[in-house]
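Asker:
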Amino acid sequence: MAPETQADIAIRLYSSRSSSYDDSWHASFTKRFVSYLNLSPGQQVLDLACGSGLLSFLEADAVGSSGRVIGVDVTKGMLSEAIAKRDRETEKFSNLKFYEGDILKLEQVEAVKDQTFDLVTLASALVLFPDPGAAVRYWSDYLKPGGCIALDATHPNNIIFGMVLERTGRRLGLSIPYHREWSKSKDTLRDVLETAGLEVEQVVTIDNQAGYGRRYYEISDADDQFERNIILGDAATTFADPEIRKRAKAVFKEEWEKLAVNGKVEEVDAVFLGIARKRTTPGTILVSGKSHTDVLLSGGCRCQGVRYQSTAPPSSITFCHCRACQQVSGAPFLPFIQVPTSSFKFTSSSTLRTLKLSDAAERTFCSTCGSPITMVYLFEGRKEGTSLTMGSVDTESLKCEMPKVRKHIFLGEKAPWFELSDDGVERMETSLEAHLIKPYLVPRSSA
Ligand SMILES: C[S@@+](CC[C@H](N)C(=O)[O-])C[C@H]1O[C@@H](n2cnc3c(N)ncnc32)[C@H](O)[C@@H]1O
Ligand SMILES: [Zn+2]
Ligand SMILES: [Zn+2]
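For what it's worth, the numbering used here labels the leading residue of the sequence shown as 1309, then goes sequentially.
#1: Pick from Gln1423, Phe1437, Gly1481: whose alpha carbon is nearest that of Pro1453?
#2: Decide if Asn1346 is buried, meaning its Cβ has at least 16 other Cβ atoms within 10 Å, or exposed.
#3: Once the 5 residues before and after Glu1389 are set aside, which same chain residues still bring their CB inside 6 angstroms of it?
#4: Alpha carbon to alpha carbon, how far is Pro1311 from Pro1550? Give it in angstroms, no decimals.
#5: Are there 16 or more other CB atoms within 10 angstroms of the CB of Trp1490, so buried, or fewer, so exposed?
#6: Do you know offhand how far Asn1570's Cα is from Glu1563's?
#7: What do you reckon, is the C-beta of Ser1432 under 7 angstroms from a heavy atom of ligand 1?
#8: May I have the straight-line CA-CA distance separating Tyr1486 from Glu1727, to the nearest angstrom?
#9: Start and end of the alpha helix (DSSP H) containing Ile1391?
#10: Around the Cβ of Ala1584, are there at least 16 other Cβ atoms within 10 angstroms (buried) or fewer (exposed)?
#11: For Ser1348, which of helix, strand or coil comes out of DSSP?
#12: Using CA atoms only, rank isn't needed, just tell me which of Ser1448, Thr1655, Arg1498 is closest to Ser1624.
#13: Count the other C-beta atoms from every protein chain shown that fall within 10 angstroms of the C-beta of Ile1378, then say buried if there are 16 or more, exposed otherwise.
#14: By the DSSP assignment, the beta strand (DSSP E) with Tyr1685 in it spans what residues?
#15: Tell me whether Val1511 sits in a helix, a strand or coil according to DSSP, three-state version.
#16: Taking one C-beta from the region 1467-1481 and one from the region 1602-1620 each time, how about it: are there three or more such pairs within less than 8 angstroms?
#17: Could you tell me if the beta carbon of Glu1632 falls within a distance shorter than 7 angstroms of some heavy atom in ligand 3?
#18: Does ligand 2 have a heavy atom nearer than 7 angstroms to the CB of Val1701?
#19: Note down, one range per segment and in chain order, each alpha helix (DSSP H) of at least 4 residues found wholly within the region 1459-1496.
#20: State the start and end residues of the unbroken alpha helix (DSSP H) segment that holds Val1428.
#21: Taking C-beta to C-beta, are Phe1687 and Cys1630 nearer than 8 angstroms?
#22: Please confirm whether any heavy atom of ligand 2 lies closer than 7 angstroms to the CB of Ser1657.
#23: Is it right to say Tyr1520 is buried, meaning 16 or more other beta carbons lie within 10 angstroms of its own, or is it exposed?
#24: Rounding to the nearest angstrom, what Cα-Cα distance links Gly1372 and Phe1401 in this structure?
#25: In terms of residues, what are the limits of the beta strand (DSSP E) holding Cys1628?
#26: Could you tell me whether the Cβ atoms of Arg1394 and Phe1406 are closer together than 8 angstroms?
#27: Give me the Cα-Cα distance between Lys1557 and Asn1537, rounded to the nearest whole angstrom.
#28: Verify whether the separation of the beta carbon atoms of Val1444 and Leu1501 is less than 8 angstroms.
#29: Any chance the CB of Gly1571 is under 7 angstroms from a heavy atom of ligand 2?
#30: By a C-beta neighbour count over all protein chains shown, 10 Å radius and 16 as the cutoff for buried, is Trp1447 buried or exposed?
#31: Please find out if some non-hydrogen atom of ligand 2 comes closer than 7 angstroms to the beta-carbon of Thr1676.
#32: Using 8 angstroms as the threshold, is the C-beta distance between Ile1681 and Cys1609 below it?
#33: Please return the same chain residues whose Cβ sits closer than 8 angstroms to the Cβ of Val1647, not counting the five positions on each side in sequence.
#34: Helix, strand or coil, according to DSSP, for Leu1321 in the structure here?
#35: Helix, strand or coil for Gly1607? Go by DSSP, reduced to three states.
In structure tokens:
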């Protein structure tokens, strides 16, 4: 049997929810979502993963009869709800159409394939896609120059059992229908949008998405959460095998306990909403849209034995304070930018040496001059990005904006002799994934 695709999983999850979907908190959340959009009469809107049309109807109202809204969703049940609502008010909503399709295969949706829009929206769906960066790049091809995309991603503590489930699944190599691990802050959403070549207008935190604000579970609730949400929830089939279930329950408990602070696990009812614009003026980003072939940055090592290039613009700069970065650079931290692995290539690699210095990442260096060049995380869902040491980038080669410093990470391992000035940049402790990292043992010869 062919493995389930992302779209198959979505259909499985949402078919059973379709008829009661409008009774959920999504109805009030989409009202808040649309209030950030600044819609005006006459605009053309594409509502991706429109579901039962909660957001599409609000958009159709706002763009009026001179505008147009197209909703696309892959789940028949959700779409039939939307179409039934529209058919009850055909005159008022003559500007609104719904189509069935996979939103990562829009070229197969006749009404959309050669079109561009003033606004593309995606509410409560980004975390269903394994590679958010690639997805946003793909969707931005459907924006007019100057058009905007608006989408939301979860706060790391939103629906907390889901996050624990995702970590459990990753550790056991099981497939989980959500991909939230990357969404850690407003800045991680900003990075996704910027890496797709878009100009970020705003990223805001929307609190109280489902109406409960913040709540706390006991550290001892792990088994109960596992039974209630996992065994009876969406991922049930993944854990049907008793042996897998037993192992998963133990790992779930471990991950749950790791999140506890003073014996409590916090759940935060918030999402981040990002709005970003497709650039109109070539000059900031010279390539956009369908051709991703121009080289936007290049760089290499001190002796030129290693050279690389990227056809995608880089993310903002992150300073990594982890012990490994300190040791390989001889400095208190290593500054990195990230580009999509699919847009990156080495143009000269005669002296390139690849080293795995921990279970977490693979790094490259020049074996002649010693320069550290790249790092790729080995975790599922993270291999799509290649981090480049900012010092190896030829800044004069940049055909996009100079990236800005946006984050300090792994501060739990910060060099004690280094004083971090108050630079106003986001600070993160040692990553929650760091527990997976086994220390690197130097292979010793027996001689
Ligand atoms: C949580 S619902 C959100 C619906 C709507 N945007 C809202 O806010 O009410 C997620 C929707 O994403 C749709 N979906 C997931 N993957 C999809 C894909 N690859 N193509 C089209 N729709 C997809 C599901 O069918 C479901 O209707
Ligand atoms: Zn070199
Ligand atoms: Zn590091």
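Idealized CB from N, CA, C, for every residue including glycine.
Answerer: Answer, in terms of the structure:
#1: Position 145 of the sequence shown, counting from 1, holds the residue named residue 1453. Pro1453 has its Cα closest to that of Gln1423, out of Gln1423, Phe1437, Gly1481.
#2: Looking up residue 1346 in the sequence shown gives position 38. The residue is exposed, with fewer than 16 neighbouring Cβ atoms inside 10 Å.
#3: For this step, residue 1389 is matched to residue 81 along the sequence shown. For Glu1389, where only same-chain residues beyond five positions count, the Cβ hits under 6 angstroms are Ser1326, Ser1360.
#4: Walking along the sequence shown from the start, residue 1550 turns up at place 242. Walking along the sequence shown from the start, residue 1311 turns up at place 3. If you draw a straight line from the Cα of Pro1550 to the Cα of Pro1311, it is about 21 angstroms long.
#5: Residue 1490 sits at position 182 when you count from the first residue of the sequence shown. It is buried - the Cβ of Trp1490 has at least 16 other Cβ atoms within 10 Å.
#6: To locate residue 1570, count along the sequence shown from 1; it is residue 262. To locate residue 1563, count along the sequence shown from 1; it is residue 255. Approximately 15 angstroms between the Cα atoms of the pair.
#7: Locating residue 1432 in the sequence shown gives position 124, counting from the first residue. Indeed, a heavy atom of ligand 1 lies less than 7 angstroms from the Cβ.
#8: Indexing the sequence shown from 1 puts residue 1486 at position 178. Indexing the sequence shown from 1 puts residue 1727 at position 419. Near 38 angstroms, if we compare the C-alpha coordinates of Glu1727 and Tyr1486.
#9: Taking the first residue of the sequence shown as 1, we reach residue 1391 at position 83. Where Ile1391 is concerned, the enclosing alpha helix (DSSP H) stretches over 1384-1396.
#10: Locating residue 1584 in the sequence shown gives position 276, counting from the first residue. Ala1584 is buried by the Cβ-count criterion.
#11: Counted from its first residue, the sequence shown places residue 1348 at position 40. Residue state, collapsed to three classes: coil.
#12: On the sequence shown, position 316 is the one that residue 1624 refers to. When each option's Cα is compared against that of Ser1624, the closest is Arg1498.
#13: Residue mapping note: residue 1378 aligns to position 70 of the sequence shown, counting from 1. By the C-beta density criterion, Ile1378 is buried, having at least 16 other C-beta atoms within 10 angstroms.
#14: For this step, residue 1685 is matched to residue 377 along the sequence shown. Segment 1680-1685, the beta strand (DSSP E) holding Tyr1685.
#15: Taking the first residue of the sequence shown as 1, we reach residue 1511 at position 203. Val1511: strand per DSSP, three-state reduction.
#16: At 8 angstroms Cβ cutoff, the stretches do not touch.
#17: Residue numbering aside, residue 1632 sits at position 324 when the sequence shown is read from its first letter. Reading the sequence as shown, one finds Ala at residue 1632 and not Glu. Yes, Cβ of Ala1632 sits closer than 7 angstroms to a heavy atom of ligand 3.
#18: Taking the first residue of the sequence shown as 1, we reach residue 1701 at position 393. Answer for Val1701: no, Cβ out of range of ligand 2.
#19: Qualifying alpha helix (DSSP H) stretches, in chain order: 1468-1480.
#20: In the sequence shown, residue 1428 corresponds to position 120, counting from 1. Note, Val1428: premise wrong, no alpha helix (DSSP H); beta strand (DSSP E) at 1425-1430.
#21: In the sequence shown, the residue the question calls residue 1687 occupies position 379. In the sequence shown, the residue the question calls residue 1630 occupies position 322. Taking 8 angstroms as the Cβ cut-off, Phe1687 and Cys1630 do not qualify as a contacting pair.
#22: The residue you call residue 1657 lines up with position 349 of the sequence shown. No; taking the cut-off as 7 angstroms, the Cβ of Ser1657 has no heavy atom of ligand 2 nearer than that.
#23: Numbered from its first residue, the sequence shown carries residue 1520 at position 212. It is exposed - the Cβ of Tyr1520 has fewer than 16 other Cβ atoms within 10 Å.
#24: Walking along the sequence shown from the start, residue 1372 turns up at place 64. Walking along the sequence shown from the start, residue 1401 turns up at place 93. The alpha-carbon atoms of Gly1372 and Phe1401 are separated by roughly 9 angstroms.
#25: Taking the first residue of the sequence shown as 1, we reach residue 1628 at position 320. Counting along the chain, the beta strand (DSSP E) containing Cys1628 begins and ends at 1625-1628.
#26: Translated into the one-based positions of the sequence shown, residue 1394 becomes position 86. Translated into the one-based positions of the sequence shown, residue 1406 becomes position 98. Here Arg1394 is near Phe1406, since their CB atoms are less than 8 angstroms apart.
#27: In the sequence shown, counting from the first residue as 1, residue 1557 sits at position 249. In the sequence shown, counting from the first residue as 1, residue 1537 sits at position 229. Roughly 12 angstroms separates the two Cα atoms.
#28: Position 136 of the sequence shown, counting from 1, holds the residue named residue 1444. Position 193 of the sequence shown, counting from 1, holds the residue named residue 1501. Yes, the pair counts as a contact, with Cβ atoms nearer than the cut-off.
#29: Counted from its first residue, the sequence shown places residue 1571 at position 263. Result no, Cβ not under 7 angstroms from ligand 2.
#30: Against the sequence shown, residue 1447 aligns to sequence position 139. Buried: at least 16 other Cβ atoms inside 10 Å.
#31: Looking up residue 1676 in the sequence shown gives position 368. It does: the Cβ of Thr1676 is within 7 angstroms (strictly closer) of some heavy atom of ligand 2.
#32: Translated into the one-based positions of the sequence shown, residue 1681 becomes position 373. Translated into the one-based positions of the sequence shown, residue 1609 becomes position 301. Yes; because the gap between Cβ atoms is below 8 angstroms, this pair is in contact.
#33: Along the sequence shown, read from residue 1 onward, the residue named residue 1647 stands at position 339. Once the five neighbours on either side are set aside, the close Cβ partners of Val1647 are Thr1503, Leu1605, Ser1618, Ala1620, Pro1621, Pro1622, Ser1623, Gly1693, Thr1694, Leu1696.
#34: Indexing the sequence shown from 1 puts residue 1321 at position 13. In this structure, Leu1321 counts as helix in the three-state DSSP scheme.
#35: The residue labelled residue 1607 in the question sits at position 299 within the sequence shown. Here Gly1607 sits in strand by DSSP.
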